[in-house]
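Asker: First, the structure itself, so that you have it in front of you.
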Amino acid sequence: MTDTPMNETPTRDTIARRTVLVATGATAATLAVGAAAPKTSTAPTTDTAPVAAAAVCTLTKEMTEGPYYLDGQYVRADITEGKAGFPLKLALTVVDDDTCAPIGNALVEIWHCDALGEYSGYVGNNGHNEPDSGTFLRGGVLTNAGGVANITTVYPGWYRGRCVHIHVKVHVGVTLTSDGSFTGGTELHTGQLFFAETVTARVGALSPYSANTVTRTTLAQDSIYDDGGAASGLLTLTALGGSPSAGYSGTLTLGVER
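Convert by adding 28 to the 1-based position in the sequence shown; the result is the number in the working numbering.
In C-alpha cells form, the structure reads like this:
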C-alpha cells in the first residue's frame with residue numbers, strides 16, 4: 029500500500045460527522061478570557077464579539093485519516109524513539125467550539141513519517157530500507173487543564189505525492205492501559221497539520237532530509253491542503269535556534285465539536 033492522494037480517503041464518517049477550527053497558539057493562550065473580558069484595545073473590533081473569540085469559534089472541515097493509522101499507540105510526550113531529524117516541539121490546544129473553553133484530559137494523538145518519508149509499521153513504502161519498530165513517530169498525550177497537549181517529535185519528511193504533514197486525532201473519555209496505551213473513548217476530530225513552505229525548503233536541504241530520494245510535493249501542489257492557512261491546519265512555527273537543525277516549536281488550536 030502506498031500513501032498517495034488517491035488512497036487518502038476517509039474511513040468511517042469522519043469528514044461528514046465533525047468539523048474543527050485551527051488557529052494560532054497565541055489565540056489559544058488568550059481565548060479563555062478573550063471571550064468574556066472587557067475590550068481595552070484600540071484595535072478594530074466587530075459589533076458582536078471580540079475578534080479572538082469569533083475566530084476560535086468558527087468551524088472548518090476535517091482532513092482525511094489516510095491509510096497509515098495504527099490503533100492503540102502509546103500515550104507518551106516524546107514519540108521520537110531516537111529517529112534522526114530536527115527537533116519539533118508541538119503545543120496543540122483543544123477547545124470547545126461552542127464555548128471556546130479549553131478541554132482538559134483529551135487525548136491528542138499524532139503520527140507522521142520520518143526524514144526519509146517512511147511510516148513505522150510500513151517501512152519501505154517510500155523506497156528506503158531502515159529498522160521498523162512499528163511505533164516510532166506515533167503516540168500522544170492528554171491535555172492539561174488549559175487544554176494544551178505538549179508533544180516532542182522531529183520535523184517530518186515527505187513521501188510520494190504528499191506535502192510535509194502530521195496526522196492528528198483528538199479523543200475524549202479514553203481509558204489508559206497498563207502497557208502505556210489507551211482504549212475506548214470518543215473520537216472528536218481527525219485532521220492534518222501542515223508546515224510553511226519556506227521552513228520546509230530550508231529543512232529539506234539539510235541532512236538527514238536531503239537523503240530522501242523522493243521528489244518533494246509542495247503545499248501548493250498538495251491535493252489535501254487547501255491553502256486555508258491556520259484554518260486548514262497550518263502550524264505557527266518558531267525557530268528554536270539560529271539554524272534549522274536547532275529545530276522548531278509548532279503551535280495550533282483545535283476547536284472541536286463535542
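C-beta atoms are modelled at their ideal positions from N, C-alpha and C, and glycine is treated no differently. On a predicted model such as this, the values are computed, not experimentally measured, just so you know.
#1: Using the Cβ count rule (16 or more neighbours within 10 Å means buried), how would you classify Gln-249?
#2: Taking DSSP as the reference, what is the three-state secondary structure of Val-196?
#3: Report yes or no: do the stretch 153–173 and the stretch 102–110 share at least 3 C-beta pairs separated by less than 8 Å?
#4: Give me, in chain order, the residues of the same chain whose beta-carbon lies closer than 6 Å to that of Val-192; leave out the 5 immediate sequence neighbours on both sides.
#5: Compute every distance between the C-beta of Gly-162 and the non-hydrogen atoms of the ligand GTP, then say whether any falls below 7 Å.
#6: From Ser-251 to Arg-190, what does the alpha carbon distance come to, in whole angstroms?
#7: Using 8 Å as the cut-off, can you tell me whether the stretch 121–132 makes contact with the stretch 230–238, which would need three or more C-beta pairs spanning the two stretches below that distance?
#8: Taking the Cβ atom as the reference point for each residue, do Ser-260 and Ala-119 lie within a distance shorter than 8 Å?
#9: Distance, Cα to Cα, Ala-63 vs Leu-280?
#10: Taking only three categories from DSSP, how would you classify Thr-245?
#11: Just the Cα atoms here: how many angstroms apart are Thr-245 and Ser-273?
#12: Which residues mark the beginning and the end of the beta strand (DSSP E) in which Gly-283 is found?
#13: Closest to Val-284 by C-alpha separation, out of Leu-170, Asp-254 and Thr-121, would be which residue?
#14: Cutting at 6 Å between CB atoms, please list the residues of its own chain near Pro-115, excluding the five before and the five after it.
#15: Which of the three DSSP states, helix, strand or coil, is assigned to Glu-215?
#16: Tell me which residue opens and which closes the alpha helix (DSSP H) that Glu-137 is part of.
#17: So, are the CB atoms of Leu-282 and His-217 less than 8 Å apart?
#18: Could you tell me the distance, in whole angstroms, from the CA atom of Thr-180 to the CA atom of Tyr-150?
#19: Please return the same chain residues whose Cβ sits closer than 6 Å to the Cβ of Glu-137, not counting the five positions on each side in sequence.
#20: Looking at the unbroken beta strand (DSSP E) that takes in Arg-190, where does it start and where does it end?
Answerer: On the basis of the data shown:
#1: On the sequence shown, residue 249 is found 221 positions in, with the first residue counted as 1. Around the beta carbon of Gln-249, fewer than 16 other beta carbons sit within 10 angstroms, so the residue counts as exposed.
#2: What you label residue 196 is simply residue 168 of the sequence shown in a count that begins at 1. Strand, per DSSP.
#3: Yes: the two stretches touch, three or more of their Cβ pairs being nearer than 8 Å.
#4: Taking the sequence shown and counting its residues from 1, the one referred to as residue 192 is at position 164. Only Pro-184, Trp-186, Phe-223 and Thr-228 meet the Cβ criterion.
#5: The model on display carries no ligand, and the ligand GTP is accordingly not part of it.
#6: Start at 1 with the first residue of the sequence shown, and residue 251 comes out as number 223. Start at 1 with the first residue of the sequence shown, and residue 190 comes out as number 162. Each residue's Cα considered, the two are about 8 Å apart.
#7: The stretch 121–132, when compared against the stretch 230–238, does not touch it at the 8 Å Cβ threshold.
#8: In the sequence shown, counting from the first residue as 1, residue 260 sits at position 232. In the sequence shown, counting from the first residue as 1, residue 119 sits at position 91. Judged by beta-carbon spacing, Ala-119 lies beyond the 8 Å limit of Ser-260, meaning their Cβ atoms are not closer than that value.
#9: Indexing the sequence shown from 1 puts residue 63 at position 35. Indexing the sequence shown from 1 puts residue 280 at position 252. Note that Ala-63 scores a pLDDT of 35, beneath 50, so its modelled location is shaky; the value from the coordinates is reported in the next line. Ala-63 and Leu-280 have their alpha carbons spaced roughly 18 Å apart.
#10: Along the sequence shown, read from residue 1 onward, the residue named residue 245 stands at position 217. Three-state DSSP puts Thr-245 in coil, outside helix and strand.
#11: Counting from 1 along the sequence shown, the entry for residue 245 is found at position 217. Counting from 1 along the sequence shown, the entry for residue 273 is found at position 245. Straight through space, the alpha carbons of Ser-273 and Thr-245 are spaced by roughly 21 Å.
#12: Mapped onto the sequence shown, residue 283 falls at position 255. Here the beta strand (DSSP E) through Gly-283 covers 276–284.
#13: Residue 284 sits at position 256 when you count from the first residue of the sequence shown. Scanning Leu-170, Asp-254 and Thr-121 for the CA closest to the CA of Val-284 turns up Thr-121.
#14: Against the sequence shown, residue 115 aligns to sequence position 87. Cβ contact annotation for Pro-115 (same chain, cutoff 6 Å, sequence separation greater than five): Gly-275, in chain order.
#15: Position 187 of the sequence shown, counting from 1, holds the residue named residue 215. Correct three-state label for Glu-215: strand.
#16: Against the sequence shown, residue 137 aligns to sequence position 109. Glu-137: not part of any alpha helix (DSSP H); member of the beta strand (DSSP E) spanning 135–139, first to last residue.
#17: What you label residue 282 is simply residue 254 of the sequence shown in a count that begins at 1. What you label residue 217 is simply residue 189 of the sequence shown in a count that begins at 1. Contact flag set, yes.
#18: Numbered from 1 along the sequence shown, position 152 holds the residue referred to as residue 180. Numbered from 1 along the sequence shown, position 122 holds the residue referred to as residue 150. The C-alpha of Tyr-150 is placed about 22 Å away from the C-alpha of Thr-180.
#19: Along the sequence shown, read from residue 1 onward, the residue named residue 137 stands at position 109. Around Glu-137: Gly-168 and Lys-197.
#20: Your numbering for residue 190 matches position 162 in the sequence shown. Going by DSSP, Arg-190 is part of no beta strand (DSSP E) at all; its letter is neither H nor E.
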